[in-house]
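Worksheet: one structure, shown below.
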Amino acid sequence: MPAGRPGPAAQSARRPPRPLSSLWSPLLLCVLGVPRGGSGTHTAVISPQDPTLLIGSSLQATCSIHGDTPGATAEGLYWTLNGRRLPSELSHLLNTSTLALALANLNGSRQQSGDNLVCHARDGSILAGSCLYVGLPPEKPFNISCWSRNMKDLTCRWTPGAHGDTFLHTNYSLKYKLRWYGQDNTCEDYHTVGPHSCHIPKDLALFTPYEIWVEATNRLGSARSDVLTLDVLDVVTRPAPPPVTTDPPPDVHVSRVGGLEDQLSVRWVSPPALKDFLFQAKYQIRYRVEDSVDWKVVDDVSNQTSCRLAGLKPGTVYFVQVRCNPFGIYGSKKAGIWSEWSHPTAASTPRSDLVWEAAVPPACAPCRLHSDTTAPLSLERPGPGGGVCEPRGGEPSSGPVRRELKQFLGWLKKHAYCSNLSFRLYDQWRAWMQKSHKTRNQDEGILPSGRRGTARGPAG
Amino acid sequence: MEDPQADSSISFLPHLEAKIRQTHNLARLLTKYAEQLLEEYVQQQGDPFGMPGFSPPRLSLAGLSGPSPSHAGLPLSERLRLDAAALGALPALLDAVRRHQAELNPRSPRLQRSLEEAARQARALGAAVETVLAALGSAARGPGPEHSATTALSTANSAASIFSAKVLGLQVCGLYGEWVNRTEGDLSQLVHGGVA
Chain A
532 MPAGRPGPAA
542 QSARRPPRPL
552 SSLWSPLLLC
562 VLGVPRGGSG
572 THTAVISPQD
582 PTLLIGSSLQ
592 ATCSIHGDTP
602 GATAEGLYWT
612 LNGRRLPSEL
622 SHLLNTSTLA
632 LALANLNGSR
642 QQSGDNLVCH
652 ARDGSILAGS
662 CLYVGLPPEK
672 PFNISCWSRN
682 MKDLTCRWTP
692 GAHGDTFLHT
702 NYSLKYKLRW
712 YGQDNTCEDY
722 HTVGPHSCHI
732 PKDLALFTPY
742 EIWVEATNRL
752 GSARSDVLTL
762 DVLDVVTRPA
772 PPPVTTDPPP
782 DVHVSRVGGL
792 EDQLSVRWVS
802 PPALKDFLFQ
812 AKYQIRYRVE
822 DSVDWKVVDD
832 VSNQTSCRLA
842 GLKPGTVYFV
852 QVRCNPFGIY
862 GSKKAGIWSE
872 WSHPTAASTP
882 RSDLVWEAAV
892 PPACAPCRLH
902 SDTTAPLSLE
912 RPGPGGGVCE
922 PRGGEPSSGP
932 VRRELKQFLG
942 WLKKHAYCSN
952 LSFRLYDQWR
962 AWMQKSHKTR
972 NQDEGILPSG
982 RRGTARGPAG
Chain B
387 MEDPQADSSI
397 SFLPHLEAKI
407 RQTHNLARLL
417 TKYAEQLLEE
427 YVQQQGDPFG
437 MPGFSPPRLS
447 LAGLSGPSPS
457 HAGLPLSERL
467 RLDAAALGAL
477 PALLDAVRRH
487 QAELNPRSPR
497 LQRSLEEAAR
507 QARALGAAVE
517 TVLAALGSAA
527 RGPGPEHSAT
537 TALSTANSAA
547 SIFSAKVLGL
557 QVCGLYGEWV
567 NRTEGDLSQL
577 VHGGVA
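Those sequence lines, one after another, are chains A and B.
Residue numbers for the first sequence follow my numbering, beginning at 532 and rising by one.
Residue numbers for the second sequence follow my numbering, beginning at 387 and rising by one.
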């Protein structure tokens with residue numbers, strides 16, 4: 532239905548002539564040609580036809596009469612607007628066949644189909660009509676918010692322009708496109724969660740941002756909202772079943788760290804599924820003594836695939852498990868769900884007497900101190916594949932390192948027939964020290980005797 | 387020996403009478419719907435549409451006009467033929483009005499649904515009247531409903547201004563009510579007068 536276009540008799544130069552104007556006059560004759568009462572047959576045309584105007588603007592209109600009856604005149608004609616007769620002082624005769632009208636400071640249209648401006652004959656019969664559209668151009672929509680229920684769809688709502696009613700039918704169109712490529716798409720399912728909303732049901736990509744905006748259009752113009760950029764994954768309202776998780780890490784191996792009786796090395800493999808999902812992962816380790824039910828948990832293993840447990844009891848069997856938690860990349864901060872724990876893997880810390888027996892007897896070349904023996908030593912020296920993991924709530928570390936080293940050096944001076952000092956020798960000395968402490972404690976009845984040289988106190 | 391044709395005629399009559407009653411009831415129901423449609427229509431166009439005394443010049447839709455004053459004096463079969471022809475032409479006009487209103491009153495989906503239903507109802511009632519006519523042995527004469535509809539529709543589609551489109555819609559809704567009401571009256575004569 533063409534709107535806002537003048538008829539062929541329109542005086543206004545604001546709009547081009549209509550393509551179907553040849554059909555307009557005959558139709559108007561049909562519409563207006565039947566006489567009522569005793570009046571002669573005459574028709575009229577209003578100009579402009581169906582204009583669109585801003586609120587507060589003025590309108591100059593004319594009603595030109597075409598008479599089949601000789602003497603047809605505009606005298607006696609009058610105007611109504613939405614059924615109410617307009618004051619006669621607003622109109623005047625331009626000539627014998629034309630009645631003019633001047634309206635100022637127009638209010639917004641009363642109905643969406645336009646205000647009805649009608650030209651009447653003296654007897655009240657309708658000669659012609661024109662619909663006025665008075666309103667405002669749309670303001671920029673704002674406050675766009677979107678959410679996804681299942682990572683497959685997207686629902687968005689927005690707020691229309693700040694001043695609300697434009698008095699004209701305003702069409703809102705939600706548009707979206709992939710940020711770096713692709714064409715504009717238009718949402719089609721409107722009013723799903725309110726008057727200014729739209730639902731995109733499918734065919735949405737993940738891990739790549741969308742640009743979303745709203746275009747408002749009416750007879751007086753258009754406006755476009757700011758662009759909202761989002762990844763569908765970031766606006767999911769609830770986790771999509773099944774939750775993002777993986778199998779537990781496979782191939783968990785626990786082994787001794789040389790002769791160190793208070794440490795075990797744990798190694799595992801990243802779950803194969805993580806390679807496909809492009810996720811990173813963080814891990815957690817828990818361990819317990821064989822005959823205990825209390826687990827100790829090691830957090831913050833990050834994405835390493837090995838860890839050294841320290842502060843363990845010597846000669847003790849430990850059960851160890853590992854689990855992982857995937858989390859997204861490309862800026863997504865959503866963590867996944869922790870996997871199940873891996874099957875328990877057992878290993879025992881070495882017994883100190885065995886360590887001592889395996890130690891190289893200190894019967895070597897004269898001892899001399901190397902410069903690196905004065906370097907600070909730490910139980911946290913890095914091993915291959917990652918750092919050492921200290922248990923939460925576990926046994927305290929072996930005291931200040933420098934104090935130990937001082938003791939070690941003192942021992943060396945006393946027994947200075949060693950040469951080629953090395954960290955290995957230092958570890959052996961530590962193992963011997965631990966055995967000495969244990970033996971003393973056993974003699975004092977602190978720990979029950981059990982396996983030879985093994986402390987069987989409360990679980991690690 | 388019994389005449390099988392007479393037997394079939396006798397057994398056919400109850401079905402025809404039932405069909406006539408059913409069609410009459412449908413026409414009576416649609417008369418009410420047509421009144422509601424007109425009320426809804428004028429409400430959406432704004433004043434003066436719907437105001438007392440509002441009477442725009444009647445549009446002369448080639449191929450369709452209201453029941454003539456002489457309609458009641460015609461033979462019943464001729465009246466029913468005119469009823470069926472008008473009901474056959476109305477759906478296309480009602481669809482044209484619905485398309486106009488979709489642009490003029492986009493926030494009035496209820497009016498658009500009512501116009502859509504009116505087109506469907508007119509089609510159904512026209513088909514039912516033709517069935518009755520065929521059962522009575524009266525064939526339709528003159529241009530078919532398709533021809534009338536096409537002619538009227540071309541006029542409806544050429545509505546050049548918004549005001550004239552509003553007037554057109556008012557006239558079509560009015561014609562729909564007039565013809566449904568006329569059909570109801572003609573069928574009631576058939577119901578009460580009997581098939582014979």
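All residues carry an ideal CB built from backbone N, CA and C; glycine is no exception.
These numbers come from a predicted model, not from an experiment.
Contacts around residue 639(A), its chain only, beta-carbon distance under 6 angstroms, and the 5 residues preceding and following it disregarded: If we look at residue 639(A) and ignore the five residues flanking it on each side, its Cβ neighbours are 586, 665, 666 and 698.
Contacts of residue 657(A) in chain E (Cβ-Cβ under 9 angstroms): Structure shown: chain E not included; protein chains present are A and B.
Those residues which DSSP pairs with residue 857(A) across a bridge: Paired residues: 812(A).
8 angstroms contact criterion, which residue 646(A) and residue 432(B) should meet: CB distance rounded: Indeed they touch by this definition, with Cβ atoms about 7 angstroms apart.
Residue 546(B) beta carbon near the ligand FAD (any heavy atom closer than 7 angstroms): With respect to the ligand FAD, the structure shown offers nothing to examine, as it has no ligands at all.
Whole-Å CB distance - residue 625(A) paired with residue 631(A), under 8 angstroms assumed: Between residue 631(A) and residue 625(A) the Cβ distance is about 5 angstroms, and since that is below 8 angstroms, they are a contact.
Simplified DSSP state of residue 427(B), which is helix, strand or coil: In the three-state reduction of the DSSP assignment, residue 427(B) falls in the helix class.
Residues near residue 691(A) by beta carbon distance below 8 angstroms, same chain, minus five either side: For residue 691(A), where only same-chain residues beyond five positions count, the Cβ hits under 8 angstroms are 669, 670, 672, 701, 703, 727 and 747.
Within chain A, partners of residue 406(B) - CB distance below 9 angstroms: Proximity of chain A to residue 406(B) at the Cβ level (cut-off 9 angstroms) is not reached, the minimal Cβ distance being about 37 angstroms.
Whole-number beta carbon distance between residue 418(B) and residue 517(B), since they are thought to touch under 8 angstroms: Rounded, the Cβ-Cβ distance is 22 angstroms, inconsistent with contact.
Proximity to residue 654(A) [Cα-Cα], best of 606(A), 621(A) and 715(A): Here the closest residue by C-alpha is 606(A).
Under the three-state DSSP convention, the category residue 567(B) falls into: The three-state secondary structure of residue 567(B), taken from DSSP, is helix.
Span separating the alpha-carbon of residue 659(A) from that of residue 400(B): Straight across, the Cα-Cα distance linking residue 659(A) with residue 400(B) is about 54 angstroms.
Residue burial classification, residue 569(B) (beta-carbon count within 10 angstroms, cutoff 16): Answer is buried; the Cβ neighbour count reaches 16.
Closest Cα partner of residue 561(B) within the set 506(B), 495(B) and 424(B): Checked all of 506(B), 495(B) and 424(B); the closest Cα to residue 561(B) is 424(B).
Listed by chain order, chain B residues near residue 597(A) by CB distance under 8 angstroms: Per Cβ cutoff of 8 angstroms: no residues; residue 597(A) is ~14 angstroms from chain B at best.
C-beta neighbour in chain A for residue 548(B), strict 8 angstroms: At least one chain A Cβ lies under 8 angstroms of residue 548(B).
N-terminal and C-terminal residue of the alpha helix (DSSP H) that residue 469(B) is part of: Residue 469(B) -> alpha helix (DSSP H) spans 462-490.
Contacts of residue 561(B) in chain A (Cβ-Cβ under 9 angstroms): Result: empty, since nearest Cβ-Cβ is about 14 angstroms, beyond 9 angstroms.
C-beta neighbour in chain A for residue 453(B), strict 8 angstroms: It does not: the Cβ of residue 453(B) has no partner Cβ on chain A nearer than 8 angstroms.
Buried versus exposed, by CB contacts within 10 Å (16 or more), residue 453(B): Residue environment: residue 453(B) is assigned as buried (16 or more neighbouring CB atoms within 10 Å of its CB, all protein chains considered).
Residue 401(B) at chain A interface by Cβ criterion, 8 angstroms: Among the CB atoms of chain A, none fall inside 8 angstroms of the CB of residue 401(B).
Integer Cβ distance of residue 768(A) from residue 679(A), believed to fall under 8 angstroms: About 7 angstroms; that satisfies the 8 angstroms criterion.
Range of the contiguous beta strand (DSSP E) that encloses residue 665(A): Per DSSP, residue 665(A) is one residue of the beta strand (DSSP E) stretching across 657-666.
Residue burial classification, residue 491(B) (beta-carbon count within 10 angstroms, cutoff 16): Residue 491(B) is buried by the Cβ-count criterion.
Residue span of the alpha helix (DSSP H) that contains residue 502(B), given as start and end: Start and end: 495-521.
Coarse secondary structure for residue 677(A), derived from DSSP in three states: Annotated three-state conformation of residue 677(A) is strand, per DSSP.
Continuous beta strand (DSSP E) assignments of at least 3 residues falling wholly in the segment 602-644 of chain A: Runs of beta strand (DSSP E) with 3 or more residues, each lying fully within the segment 602-644 of chain A, are found at 609-612, 622-626 and 629-634, listed in chain order.
Own chain, CB closer than 6 angstroms to residue 579(B), minus 5 neighbours either side, in chain order: Counting only Cβ-Cβ distances below 6 angstroms, and skipping sequence neighbours, we find nothing.
Residue-level contact to chain B via CB, residue 1055(A), 8 angstroms cutoff: Since the first residue shown for chain A is 532 and the last is 991, residue 1055(A) is missing from the structure and cannot be characterised.
Contact check, residue 577(B) vs residue 413(B), beta carbons under 8 angstroms: Not closer than 8 angstroms, so no.
Opening and closing residue of the beta strand (DSSP E) in which residue 1002(A) lies: The question about residue 1002(A) has no answer, for chain A in this structure spans 532 to 991.
Nearest to residue 367(B) (by Cα), restricted to the options 478(B), 488(B), 437(B) and 463(B): In the structure as shown, chain B starts at 387 and stops at 582, and residue 367(B) therefore has no counterpart that could be examined.
Sequence-distant residues of the same chain with beta carbon closer than 8 angstroms to residue 733(A), five excluded per side: The beta carbon of residue 733(A) lies closer than 8 angstroms to those of 683 and 684 in the same chain, with the five residues before and after it left out.
Cross-strand partners of residue 848(A) (DSSP beta bridge): Residue 848(A) pairs with 879(A).
Residues near residue 781(A) by beta carbon distance below 6 angstroms, same chain, minus five either side: Here residue 781(A) has 800 as same chain residues with Cβ atoms under 6 angstroms from its own Cβ, once five neighbours each way along the sequence are excluded.
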